[in-house]
Every structure is written in structure tokens, then in C-alpha cells.
Amino acid sequence: MNTWAELTDQVMLGTQGTSTSSYEWAAFTPEQALLKQLALVGAARRAGLIAQAVRSMPFIDPAPSEMLLPCSMFALDWLKKIDRASYARELIRDWCLFILERQKRVPHIALPYVLNLAATQSQWAPYLLPLVGERGRWLIDRNEAYLALRQTELWSVETALELKPAEIADDNKILITLRSQMMEGLAHE
Numbered sequence: 036m037n038t039w040a041e042l043t044d045q046v047m048l049g050t051q052g053t054s055t056s057s058y059e060w061a062a063f064t065p066e067q068a069l070l071k072q073l074a075l076v077g078a079a080r081r082a083g084l085i086a087q088a089v090r091s092m093p094f095i096d097p098a099p100s101e102m103l104l105p106c107s108m109f110a111l112d113w114l115k116k117i118d119r120a121s122y123a124r125e126l127i128r129d130w131c132l133f134i135l136e137r138q139k140r141v142p143h144i145a146l147p148y149v150l151n152l153a154a155t156q157s158q159w160a161p162y163l164l165p166l167v168g169e170r171g172r173w174l175i176d177r178n179e180a181y182l183a184l185r186q187t188e189l190w191s192v193e194t195a196l197e198l199k200p201a202e203i204a205d206d207n208k209i210l211i212t213l214r215s216q217m218m219e220g221l222a223h224e
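Each residue of the sequence shown is one higher than the one before, starting from 36 at the first, in the working numbering.
Printed below as a string of C-alpha cells:
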């Protein structure tokens, strides 16, 4: 059982009376082997790889080693909060610049979220892409959903140098308060 269709058929039919088909899964019960195979194929599909019907996993060149440390999950929570805020346009820019200044990247677990945010909100892509790290670039190259993020101008040094914080009017008390709360929350990053 290798393809997604075969695995989902097995889920629907159940594992009673089946045995693990290869030595790789011999140490597991049929249920455990099926769940592990689903997890592997599901993760590969989410990363952009569509598994072929083969009896062994194809060679996939690994992502390069990361040069930057990940930001904290607390900082990532701030990004998710401000993404839903009415002032997201201003606050996301500030969040990204803050994380860039700290020379950090988003954690690997958050890459699908951040890449989807960059792909759907093109105005934020120049701010978010420097934060995806080596694995993020690796995923972009392998997933057709991120085709728009492959534009060379998004990755240029000039684009990174042009990134500026949001301009906030002095009379916008709500946004000033939100920004200060966010910066205070990120202070230990």
C-alpha cells in the first residue's frame, strides 16, 4: 500500500485480517502501520510531493541546514493574533521587521501557515519570505501552490532593504496601543 487512494481504501475497509506487506512495517500492528503510512503520505502531499505507486520511497534531496534560530511559539502566536486583527496590514509588517531584526525565522511547524499567508496576501510576501528560512525556500521550490512566491524580486537584497515599518498617525490610539502591546509581548524574543 503506497498511494493515498490505497491507504484511504484500507482505512474504509479496516485492517482486520491484513498483514504488513514489507519488512519496514513488520514491528507494527496493521493499524499502527496504516496510521504511520497515512502520516508519511499526508505529510509528503502537504509538502508538495505526490507519491507515485512504488514499493520504496523515492530519494528526496533534504532541505539545507538552517542558518537562523526559530522564533518562539509565543512570537508565532502574536502573528496569528494580528493576522485576524483589523490592523493586520500595519502590525504584520512590524512583527516581521522585529523578527528579522532579531535574526530569527518562523518554526518549521508554522511554514505552511506563513507560506499560505504570503501566497494569499501578496503585500505581505516581501516581509514574510525572509522569515521562512532554508526549509521554507525548499518547500516553495517543491510546491506548485507557492509558484507566485518564486519571483526573484521577492528574494532580492534590494527588496529586503526597502522594508519599512508601518506609518501610524499620532491620533490612531488603538493602533498605537496594539503595536506597543505586541512589542512588549515580543520583548523577550
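In this text, a Cβ means the ideal position worked out from N, Cα and C, and glycines have one as well. Small disclaimer: the values here were computed from a predicted structure and weren't measured.
Discussion item. Can you find the residues in the same chain that come closer than 7 Å, C-beta to C-beta, to residue 221, ignoring five residues on each side of it along the sequence?
Written reply: Cβ within range, chain order: 110, 113, 133.
Worksheet item: Which whole-angstrom value describes the C-beta separation of residue 150 and residue 175, a residue pair presumed to lie in contact below a C-beta threshold of 8 Å?
Response: Between residue 150 and residue 175 the beta-carbon gap is near 7 Å, inside 8 Å, which marks them as a contact.
Item to complete: Report the residue from 219, 59, 79, 183 whose alpha carbon sits nearest the alpha carbon of residue 157.
Response: Ranking the options by Cα distance to residue 157, first place goes to 183.
Fill in: Short Cβ contact (9 Å threshold) for residue 210 with residue 101
In this structure, residue 210 keeps its C-beta atom at 9 Å or more from the C-beta atom of residue 101.
Practice prompt. For residue 181, collect the residues of the same chain with a Cβ closer than 6 Å to its Cβ; drop the 5 residues on either side in sequence, then sort them by chain order.
Written response: Same-chain partners within the cutoff: 150, 154, 175.
Fill in: DSSP bridge partner residues for residue 140 (one or two, in chain order)
Bridge partners of residue 140 according to DSSP: 105.
Fill in: Beta-carbon proximity check, residue 198 vs residue 131, cutoff 9 Å
Residue 131 is positioned such that its CB atom lies closer than 9 Å to that of residue 198.
Worksheet item: Taking the alpha helix (DSSP H) that residue 71 falls in, what are its first and last residues?
Response: Per DSSP, residue 71 is one residue of the alpha helix (DSSP H) stretching across 65-81.
Worksheet entry | Which of helix, strand or coil DSSP assigns to residue 219 | Helix, per DSSP.
Worksheet item: In chain order, which alpha helix (DSSP H) runs of at least 4 residues are fully inside the segment 108-194?
Response: 108-118, 123-136, 146-155, 160-163, 168-177, all fully within the segment 108-194.
Practice prompt. Could you give the DSSP three-state label for residue 44: helix, strand or coil?
Written response: Residue state, collapsed to three classes: helix.
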